[in-house]
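A.B. asks:
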Amino acid sequence: MVKRNQITENIKLALTLKENGVKKLNLSSWGNSIASGYSMAFETKPLLERNTTLEEILKDHGITLQKSHFARFENNNDENVFEWLITSKTQRDINQDARVDDTWMAKQGRKLTEEELEKYYPETEEQAFTMQDILREKGSGISNIIIYNGATGSFLDNNTRGGKLSHRLMHGVKRDCTSIEAVLKYIQILNRNYQTNTQVYLCGSLNLGKLPISSMTIDPKLRKMAKNYANVVYVPSPEHRFLYHTEDGKTALDIHYDETDYHNFQTHLIHSINENYAKTKNLIELDRSLLQESRNIEASRTRRSEEWSYDFVGGLIKEHCQDLERQGQNPVSFLKRAKSYLQNRSPYDFYYIGQKNVAKYVK
């Protein structure tokens with residue numbers, strides 16, 4: 005049933021992307037051990053490789069899939085992820101790091117075979133691209149989607165590597181969130197200034213059912229953070245187990261997923277992309293248009309009339325609502341999201357259009 009649901013969501017994604025003119029999808033997983041597809045008790049396999057039908061389904065709809073993983077089993081706190089981004093670390097570098105991680109982590113779980121290392125973590129010239137290369141690829145037929153799992157690395161480092169007692173609780177989470185926000189700011193700046201349209205799906209932390217640890221600590225911060233960016237969607241993690249039964253009948257404790265839970269997680273992710281892709285695409289374009297017009301007005305040193313500004317904002321929003329309606333989507337949820345985003349951003353980014361005009365139209 006899990007795989008059948010996943011195939012259904014994959015087909016919906018192909019149709020959504022085709023409707024939006026996409027010919028190539030760059031799908032990349034960034035961040036922590038969940039982003040890497042790691043498992044202590046079961047098979048470790050890169051996260052996106054676990055969705056085994058997506059590539060063929062997209063191909064059947066005329067869409068090329070390019071997958072990448074900028075994620076590690078170890079040393080994956082979000083300051084490190086930000087460093088990989090701004091220092092242009094390559095996929096080959098990350099693959100080499102994964103091989104090192106496998107050596108250190110083997111005592112906690114199953115070591116990868118040489119065949120698996122060669123298959124999932126090659127060190128070839130084809131792997132010499134960077135996170136920057138992904139973010140800067142653009143064109144009418146290009147779609148860049150980042151799946152980001154984070155906000156746990158520093159917390160785990162503090163608690164497993166002899167960190168200060170005063171840092172054992174929320175210090176690590178706060179430390180990671182500042183770096184996640186730096187990554188998100190960087191991506192939105194590129195979208196605004198280089199005409200790229202990268203979407204980020206920011207995943208909630210582990211959902212351990214009746215243990216509401218993450219929902220009370222990490223997730224509210226991530227949910228609030230996502231609302232500050234036109235291109236970011238918060239994705240709550242589906243509930244999963246942390247006590248598993250291995251093939252040899254033993255009980256294993258693992259905060260990562262097993263094969264079934266990873267499949268469920270993948271289906272959940274693709275469903276979220278399907279629900280939000282068109283709305284996010286339109287909000288990215290709306291944000292860029294409003295920002296550019298505000299900058300043009302500022303540079304001209306001539307204020308526009310209130311009537312002109314109101315009509316300009318209204319015309320743009322109407323165009324994006326019509327695009328969603330053309331795709332058979334109700335624009336109400338888009339307007340609700342746009343209202344919150346634009347009102348929060350108006351004093352900083354859209355001032356010269358007229359803050360009251362922006363706020364008035366999206367009421």
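Take 5 as the starting number for the sequence shown in my numbering and just add one per residue.
Ideal Cβ placement from N, Cα and C applies to all residues, glycine included.
1) I'd like the ranges of any beta strand (DSSP E) spanning at least 3 consecutive residues and lying wholly in the region 52-90.
2) With a 10 Å radius around its C-beta and 16 neighbouring C-beta atoms as the bar for buried, classify Trp88 as buried or exposed.
3) On the DSSP bridge list, what partners appear for Cys207?
4) Under a three-way DSSP split, which group does Lys142 fall into?
5) For a test of the three-state rule: what should DSSP assign to Ser309, helix, strand or coil?
6) At the level of alpha carbons, what is the spacing between Gly318 and Asp265?
7) Provide the residue(s) that pair with Gly35 in DSSP beta bridges, ordered along the chain.
8) What's the C-alpha gap between Leu51 and Leu194?
9) Does Thr264 come out as helix, strand or coil in the three-state DSSP assignment?
10) What would DSSP say about Leu116, mapped onto helix, strand or coil?
11) Please work out which residues of its chain come closer than 8 Å, Cβ to Cβ, to Leu295, disregarding the five sequence neighbours upstream and downstream, and give them in chain order.
12) Count the other CB atoms within 10 Å of the CB of Gly25; is the residue buried (16 or more) or exposed (fewer)?
13) Among Ser144, Ser276 and Thr200, which one has its Cα closest to the Cα of Lys22?
14) Can you tell me where the alpha helix (DSSP H) with Met109 in it begins and where it stops?
15) Using C-beta distances below 7 Å, list every residue in its chain close to Asn9, excluding the 5 sequence neighbours before and after it, in chain order.
C.D. replies: From the atom records:
1) At a cut-off of 3 residues, the continuous stretches assigned as beta strand (DSSP E) that sit fully inside the region 52-90 are 68-75.
2) So Trp88 counts as buried.
3) Answer is Asn153 and Val239.
4) Here DSSP, grouped into helix, strand and coil, assigns Lys142 to coil.
5) Reduced to three states, the DSSP call for Ser309 is coil.
6) Here the alpha carbon of Gly318 sits roughly 44 Å from the alpha carbon of Asp265.
7) Its beta-bridge partners are Ala75 and Asn153.
8) Taken atom to atom, the span from the alpha-carbon of Leu51 to that of Leu194 is near 26 Å.
9) Looking at Thr264 - three-state DSSP - the assignment turns out to be helix.
10) When DSSP states are grouped into helix, strand and coil, Leu116 belongs to the coil group.
11) Contacts found: Arg196, Asp353 and Phe354.
12) Counting C-beta atoms within 10 angstroms of its own C-beta, Gly25 has fewer than 16 neighbours from the protein chains shown and is therefore classed as exposed.
13) Nearest neighbour of Lys22 by Cα position, chosen from Ser144, Ser276 and Thr200, turns out to be Ser144.
14) Unbroken alpha helix (DSSP H) run through Met109: Gln95 to Met109.
15) Same-chain partners within the cutoff: Thr271.
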